[in-house]
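Worksheet: one structure, shown below.
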Amino acid sequence: MAAKRLIKELEKYRKEPSTAVSSLEPSSDEDLFNLHARLRGPRGTAYEGGSWNLSIAVPPTYPNSPPTMHFTTPICHPNVNFQTGEICLDLLKSSWTPAYGLVSTLEAVQQLLSAGGEPDSPLNLDIAKLLREGDLVGAESLVRLYTRMYAMV
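26 is the number of the first residue of the sequence shown in our numbering; add one for each residue after it.
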C-alpha cells in the first residue's frame, strides 16, 4: 500500500508542482522509501532566496504512519535542531493522519518557517532565546546570515 501511495504522490507532484517544493524524488532508483526534497524559503521572510535539502524516510506503514523528515542543509529556526536537522512539528508526530501526503507535509514545514516557530518548545535554544526575549531584529539577522551561509544556491 505504501509504495502504491508514494508512486501516486510523486506522479501528482510531477504534474502539479508545489511552489514550496522545488524537487521531490527517491534518493535512488532501487529505494522508493527514502526520498530527497528541496524546500524553498518562504517569500517575505528572512528565509527568502534560500533552498534547503531534506531527507525523507517513509515507513512501510505509510500513510497510516508519518514519514520522518529532517533538514540536511543547516537551517536556523527555533523548531529545527541545527546539528541534526530534526523538525519539531506536530504534523510529523501526534497530528498525523493519512489525509496528509509528502507535498502537503513539506508545505507545512515551509509554513513553520513563515510563522517563525514556537520558541517555547525549541530544538535550537539560541534562536529561541532571542525570540523569547523579543529581539526580533537579532533573530532575523541570524536567520538571514545562516540562510546566506548555507542555503543560497
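Backbone N, C-alpha and C define an ideal beta-carbon position, used for all residues, glycine too. Here the structure is a predicted model, which is why all the values come from computation and not from measurement.
Could you please give the first and the last residue of the uninterrupted alpha helix (DSSP H) stretch that includes residue i?
{"i": "E21", "result": "Nothing in the structure corresponds to residue 21, since the chain is present only between 26 and 178."}
{"i": "L148", "result": "Taken as a continuous stretch (DSSP letters only), L148 belongs to no alpha helix (DSSP H), as it is neither H nor E."}
{"i": "A164", "result": "161-171"}
Please report how far the alpha carbon of residue i lies from the alpha carbon of residue j, in whole angstroms.
{"i": "V184", "j": "L49", "result": "Since the displayed the chain opens at 26 and closes at 178, residue 184 lies outside it and no answer follows."}
{"i": "W121", "j": "G66", "result": "23 Å"}
{"i": "Q108", "j": "M94", "result": "14 Å"}
{"i": "E132", "j": "V46", "result": "7 Å"}
Going by CA-CA distance only, name the one from the options that's closest to residue i.
{"i": "E143", "options": "V128, L170, S166, L114", "result": "L114"}
{"i": "F58", "options": "L64, V83, R157, T97", "result": "V83"}
{"i": "L137", "options": "G126, S166, I100, G163", "result": "I100"}
{"i": "S119", "options": "E73, T97, P92, G110", "result": "P92"}
In or out: residue i buried (at least 16 other Cβ within 10 Å) or exposed?
{"i": "N104", "result": "buried"}
{"i": "P42", "result": "exposed"}
{"i": "P88", "result": "buried"}
Legend entry - beta strand (DSSP E) runs wholly inside the segment 43-94, at least 3 long, in chain order: 46-53, 56-65, 76-82
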